[in-house]
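Numbering (mature numbering (1 follows the signal peptide of the UniProt record, and there is no 0)), first residue to last: -17 to -1, 1 to 148.
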């Protein structure tokens, strides 16, 4: 009986997974509130740990638990995440489970030297899902990140009226 239940439990955990932000580090790893805009129910405070994000190009990576999702990459320097969002890249449709990483996302140059938020919004079978990362926008281009990997998936540019900065 245990041999039958373990594979079923593993499948159930994949079926309920939304997505995880792998790069840059997310505000939280919790799936439960990902449907809460703008940052999956989490906010930035003065004690929030930040990571550098290079405005000349840096990686954003996700692990997708859905067979298909459309991705919106956006950023703001409004630490309340209430507004000021800028779309950073065309909307991408990922087909297939697993990792997707875009290695060269460019941010407006006037963000340099400011703290801000990188947000990834997924339009998936579960609706809109939100995950954010607190960042320091720094000048230059990021070094190649070995953790920026892609699974055996397809990714294409698409349009999606549900996804707006």
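Positions of the beta carbon are idealized from the N, C-alpha and C atoms, including for glycine.
Presumed contact (8 Å Cβ cut-off) between residue i and residue j, rounded CB distance
| i | j | result |
| --- | --- | --- |
| residue 142 | residue 74 | 6 Å |
| residue 68 | residue 103 | Between residue 103 and residue 68 the Cβ distance is about 12 Å, and since that is not below 8 Å, they are no contact. |
| residue 90 | residue 35 | In fact, because the Cβ distance is near 12 Å, the residues do not count as touching under 8 Å. |
| residue 137 | residue 99 | Residue 137 to residue 99, Cβ: 31 Å. No contact. |
Separation of residue j from residue i, as counted between CA atoms
| i | j | result |
| --- | --- | --- |
| residue 24 | residue 17 | 7 Å |
| residue 107 | residue 2 | 10 Å |
| residue 45 | residue 127 | 16 Å |
| residue 148 | residue 27 | 19 Å |
| residue 79 | residue 97 | 35 Å |
| residue 116 | residue 139 | 24 Å |
| residue 134 | residue 81 | 6 Å |
| residue 12 | residue 111 | 17 Å |
| residue 20 | residue 83 | 22 Å |
| residue 118 | residue 63 | 13 Å |
| residue 10 | residue 146 | 21 Å |
| residue 129 | residue 94 | 25 Å |
| residue 131 | residue 92 | 23 Å |
| residue 56 | residue 72 | 6 Å |
Enclosing beta strand (DSSP E) for residue i [first to last residue]
| i | result |
| --- | --- |
| residue 41 | 41 to 47 |
| residue 57 | 51 to 59 |
| residue 90 | Element bounds for residue 90: n/a, residue is neither H nor E. |
| residue 35 | 34 to 37 |
| residue 101 | 98 to 107 |
| residue 157 | Absent from the structure is residue 157, since the part of the chain shown begins at -17 and ends at 148. |
| residue 140 | 137 to 140 |
| residue 3 | 2 to 6 |
| residue 75 | 75 to 78 |
Sequence-distant residues of its chain with Cβ nearer than 7 Å to residue i (five each side left out)
| i | result |
| --- | --- |
| residue 124 | 37, 39 and 40 |
| residue -13 | Residue placement at residue -13 is flagged as unreliable, the pLDDT there being 39, under the threshold of 50; a coordinate-derived value is accordingly withheld. |
Contact test: residue i Cβ vs the ligand ADP heavy atom, cutoff 7 Å
| i | result |
| --- | --- |
| residue 29 | In the structure on display, the ligand ADP does not appear, and there are no ligands present to speak of. |
Proximal residues to residue i (C-beta, below 6 Å), its chain only, five neighbours per side dropped
| i | result |
| --- | --- |
| residue -10 | Confidence is the limiting factor: at residue -10 the pLDDT is only 37, short of 50, which leaves the residue's position unreliable, though a coordinate-based value still follows. There are no such residues. |
| residue 49 | 107 and 108 |
| residue 114 | 4, 9, 23 and 103 |
Other residues of its chain near residue i: CB distance less than 8 Å, five sequence neighbours each side excluded
| i | result |
| --- | --- |
| residue 66 | 59 |
| residue 31 | 10 and 117 |
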